[in-house]
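Here numbering that gives the first Met the number 0 is used: position 230 in the sequence shown is 229, and no number is missing along the way.
One structure is given here, and the rest of the page talks about it.
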Amino acid sequence: MTAVTKQQIDTLVKVQQIEIETGKLKAYLEKVPDRISKLEGELEAFIRRVEGDEAEIEKLNKQYRTLEADVQLNLAKVQKSQEKLRSVKTNKEYQSSLKEIDDINAINSDLEDEMLVLLEKIETAETAIKNRKQHYDAIVDDTNHEKESIKREAEQREETLVDLEKKRLGIAAELDEGLLQIFKQVKAKQGNLVAIAAVKDAVCQGCNMNIPPQVYNELQRCDRLEYCPSCFRIIYWENQEERSE
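Written out as structure tokens, the structure reads:
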């Protein structure tokens, strides 16, 4: 059984507390690129929607111009047919020309109805894109502000992380190398989570299981390493009287 002092146990606890803090900082920093990418992706998606609206408007305008050209072409045909009426010689030719004019006018009427529908669609699309563009500057500013805020926070946490690493190395240097290796091995077996846990009222705070009376009694002497028989973490007695002082 490895002999230790209460001071060494306290030092191990300090090392673990720092490692828990550094773990949280690293977890935060690992998410920073994804958070920034998400913001940039949302802005790009907004820009694509604006571009999509513009493309839709251009498509609708093109359809409208095509219909408008067809209407003008048909009007020219009507004018030509009307001129033809002046030179017809038989009633049959006259009726045929009238029917031709009526047919063309009917076609134009349908085309004009389609043009009205297109105008409504164009108006709706233009309103949508106008609203998006009105919010564009605000969205860009908000996105850039949020990105800068995330980066500033990340820089601050990186500085804190460096300070904690230095502090951990300084504290760990006070420990016997063999004891530090045991701590690292236990931590690795715990999935790099908590390696040392307090025991309160004979209960391991790492796994909430009871500690056998004999082990608990030995633990209070603080003169050797003890392990939880359930989770196999290093355990130490947390003196409530000392904590309350």
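Don't be surprised by glycine CBs; every beta carbon is placed ideally from N, CA and C.
These numbers were taken from a predicted model, which means no experiment stands behind them.
I need the straight-line Cα distance from residue 70 to residue 147, nearest angstrom please.
Residue numbering aside, residue 70 sits at position 71 when the sequence shown is read from its first letter. Residue numbering aside, residue 147 sits at position 148 when the sequence shown is read from its first letter. In this structure, the straight-line span from the alpha carbon of residue 70 to that of residue 147 is close to 56 Å.
Distance check for residue 144 and residue 239, CA to CA, integer angstroms please.
The residue given as residue 239 occupies position 240 in the sequence shown. The residue given as residue 144 occupies position 145 in the sequence shown. Because residue 239 sits at a pLDDT of 49, beneath the cut-off of 50, its placement in the model cannot be relied upon, and the following sentence gives the value as read from the coordinates. For residue 239 and residue 144, the distance between alpha carbons rounds to 47 Å.
Could you check what DSSP says for residue 88 in three-state terms: helix, strand or coil?
What you label residue 88 is simply residue 89 of the sequence shown in a count that begins at 1. Of the three classes helix, strand and coil, the one that applies to residue 88 here is coil, per DSSP.
Can you have a look at residue 210 and say buried or exposed, based on whether 16 or more other CB atoms are within 10 angstroms of its CB?
Working through the sequence shown from its first residue, we reach residue 210 at position 211. Buried, by the Cβ-count rule.
From 3, 2, 11 and 4, residue whose alpha carbon lies closest to that of residue 169
Taking the first residue of the sequence shown as 1, we reach residue 169 at position 170. Of 3, 2, 11 and 4, the residue nearest in Cα terms is 11.
Nearest residue (CA-CA) to residue 25, options 217, 172, 188 and 158:
On the sequence shown, position 26 is the one that residue 25 refers to. Looking at 217, 172, 188 and 158, the one whose alpha-carbon comes closest to that of residue 25 is 158.
Would residue 3 pass as a contact of residue 178 if the rule is Cβ separation under 8 Å?
Residue numbering aside, residue 3 sits at position 4 when the sequence shown is read from its first letter. Residue numbering aside, residue 178 sits at position 179 when the sequence shown is read from its first letter. Their beta carbons are under 8 Å apart, which means residue 3 touches residue 178 by this criterion.
Let me know if residue 208 comes out buried or exposed under the rule of 16 or more other beta-carbons within 10 Å of its beta-carbon.
Position 209 of the sequence shown, counting from 1, holds the residue named residue 208. Label assigned to residue 208: exposed.
Tell me, which residues are paired with residue 195 by DSSP?
Counting from 1 along the sequence shown, the entry for residue 195 is found at position 196. Residue pairing by DSSP places residue 195 opposite 233 in a beta bridge.
Option nearest residue 28 by Cα separation, candidates 191, 234, 107 and 151:
Counting from 1 along the sequence shown, the entry for residue 28 is found at position 29. Ranking the options by Cα distance to residue 28, first place goes to 151.
Coarse secondary structure for residue 173, derived from DSSP in three states
Position 174 of the sequence shown, counted from the start, is the residue given in the question as residue 173. DSSP places residue 173 in coil when its eight states are reduced to three.
Within 8 Å, strictly: CB atoms of residue 196 and residue 221
Walking along the sequence shown from the start, residue 196 turns up at place 197. Walking along the sequence shown from the start, residue 221 turns up at place 222. Not in contact: residue 196 and residue 221 (Cβ atoms no closer than 8 Å).
Residues that DSSP places opposite residue 223 in a beta bridge:
Numbered from 1 along the sequence shown, position 224 holds the residue referred to as residue 223. Its beta-bridge partners are 2.
Tell me the residue span of the alpha helix (DSSP H) that contains residue 213.
As a position in the sequence shown, residue 213 is number 214, starting the count at 1. Looking at the DSSP string, the run of the alpha helix (DSSP H) that includes residue 213 is 212–218.
State the DSSP-derived secondary structure class of residue 107, mapped to helix, strand or coil.
Along the sequence shown, one-based indexing puts residue 107 at 108. The answer is helix: DSSP assigns residue 107 an H, G or I state.
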